[in-house]
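S.K.: For the sequence shown, my numbering assigns the number 1417 to the last residue and increments by one with no breaks. Note that beta-carbon positions come from the ideal geometry of N, C-alpha and C, so glycine has one too.
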Amino acid sequence: MAYAEKTSVSVSRTKADIEELISRYGAEQFVSGFKGNTAAIGFTISGRQIRFILPLPDKQAREYWYTPGRGNRRTDDAAHTAWEQACRSRWRALYLIVKAKLEAVEAGISTVEREFLYDIVLPDGRTAGEWLAPQIETAYETGQMPPMLPMLN
């Protein structure tokens, strides 16, 4: 069962909830947007730019156009409603993630850097996770750590 799979909270309300939440914890900036099946939020907190990418469900996916079990075709409106519900669920899950991370920082359990490391935006526009993930993959494949100064290789 997906988190908040039956939520009635709209995507726009959840975006507003996220903005209010991060403002309460000291964020200095907030932005949200989407392109195709990808949404994003960004904010600045403790001098760090943070970006979350939220993959959105594909409107054309079979699960929205056909009922579970019998596989009856849904109407356009019913398919759109099912897709919107999936979007609302994902946005609520994102809210939950951000809230949990900020609560951990506020409680002194963790730090902004530890909680948001993967999502910190680097000077070249990539997140730390986008930069680091291929290096981790290579290290596991080769059993070798990446060079300390890759520009010297």
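Between the Cα of lysine 1323 and those of Arg1315, Thr1278 and Gly1300, spot the shortest distance and give me the residue it belongs to.
M.R.: On the sequence shown, position 59 is the one that residue 1323 refers to. Answer by Cα proximity: Gly1300.
S.K.: How should valine 1295 be labelled, buried or exposed, when 16 other C-beta atoms within 10 angstroms of its C-beta is the threshold for buried?
M.R.: Counting from 1 along the sequence shown, the entry for residue 1295 is found at position 31. So valine 1295 ends up on the exposed side.
S.K.: Whole angstroms are fine: how far does the CA of aspartate 1340 sit from the CA of isoleucine 1219?
M.R.: The structure shown does not extend to residue 1219, since the chain is modelled only from 1265 to 1417, so the question has no answer here.
S.K.: Quick check on the burial criterion: 16 or more other C-beta atoms within 10 angstroms. Buried or exposed for alanine 1291?
M.R.: One-based indexing of the sequence shown puts residue 1291 at position 27. That one is buried.
S.K.: Quick one: complete alpha helix (DSSP H) runs, 4+ long, within the segment 1322 to 1346?
M.R.: Complete alpha helix (DSSP H) runs here, min 4: 1326 to 1329.
S.K.: Starting from lysine 1270, follow the alpha helix (DSSP H) in both directions and report where the run begins and ends.
M.R.: Position 6 of the sequence shown, counted from the start, is the residue given in the question as residue 1270. Premise fails: lysine 1270 is in no alpha helix (DSSP H) and is neither H nor E.
S.K.: Of the residues Asp1388, Glu1401, Arg1315 and Thr1402, which one's Cα is nearest the Cα of threonine 1302?
M.R.: As a working mapping, residue 1302 is identified with position 38 in the sequence shown. That would be Arg1315, whose Cα lies nearest to the Cα of threonine 1302.
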